[in-house]
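In this note's numbering, the protein residues as written are 22 to 243. Ideal Cβ placement from N, Cα and C applies to all residues, glycine included.
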C-alpha cells in the first residue's frame, strides 16, 4: 500500500483532487476527513504567538492557523511520507524479530536491528536531516573503531596472539588507529548543533535564505 500512497502524496497538486482522495482512502480515512481534515493538515499550519515569560505558565499564547506557502506544504507532505515509511519500517523489523524469536529464548538475545541510511546526498542543498545523518555516520564509525578494533586488539593480547600493549609494535598500531579517530569531527558537529539551536531560538531571526545561510556558515566554519 505504501508503494501506492507515497507516489500519490508526492504528486498531489491543486488540480489533482483525485490523488488526494485516493491517498486518503488507502490510509483508511473517512470521506469527511478526506474532504476536510486531510487537506487542511497538508495545506495549513498552527502558529503560536504571544509575549511575556514562560515561567510558571504565565505566558499568554495565541494559536492561529496560517495557510502554508508552497515550500511549507511540500515540507509537511514530505513529513507525512517519512512518518509512513518509518512506521512501516518499524513494523517490518518488529514482525521479523517476533517470528525469529523462539519462545524459550531471552528477548535481549533474540532481536536484531537494521540501520537504514540514505545512500545518496545532494551536496549543493543538504539540510538539517542530512546533517543528522552525517553525525550518526560519524558516531557509528567511532563506535566501530572502539569496539571492533580496540576490543579485538585487547582480546588478542589477552590470548597471547598480539604484541604487548606497551611494546613498540603495539604503540605503532594505536598511533595508526589514532590517525583514523574522528573525535574532532564529532566535536565540531556537536558545536555546530549548538549553534543551530541557538540560531533557531533567536527572536530576531528572519526566516529567509540569508538567515539560513548565515546559520549554516557559522556551523561549517567551526
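Residue i versus the options, residue with shortest Cα-Cα distance
i	options	result
residue 62	147, 156, 89	89
residue 153	167, 101, 41, 215	215
residue 155	51, 95, 207, 98	207
residue 149	169, 96, 83	96
residue 44	176, 175, 92, 105	105
Contacts around residue i, its chain only, beta-carbon distance under 8 angstroms, and the 5 residues preceding and following it disregarded
i	result
residue 85	67, 68, 70
residue 222	none
Own chain, CB closer than 7 angstroms to residue i, minus 5 neighbours either side, in chain order
i	result
residue 57	none
residue 203	159, 162, 163
residue 39	none
Whole-Å CB distance - residue i paired with residue j, under 8 angstroms assumed
i	j	result
residue 20	residue 87	What the structure shows of the chain is the stretch from 22 to 243, and residue 20 is not part of that stretch, so it cannot be assessed.
residue 50	residue 59	6 angstroms
Contacts around residue i, its chain only, beta-carbon distance under 6 angstroms, and the 5 residues preceding and following it disregarded
i	result
residue 75	Caution is warranted here: a pLDDT of 49 is assigned to residue 75, below 50, making its placement in the model unreliable, and the coordinate value is therefore given only provisionally. Contacts found: none.
residue 121	none
residue 146	none
Going residue by residue through the region 161 to 186, where are the continuous alpha helix (DSSP H) segments of at least 4 residues, counting only ones entirely within it? 173 to 179
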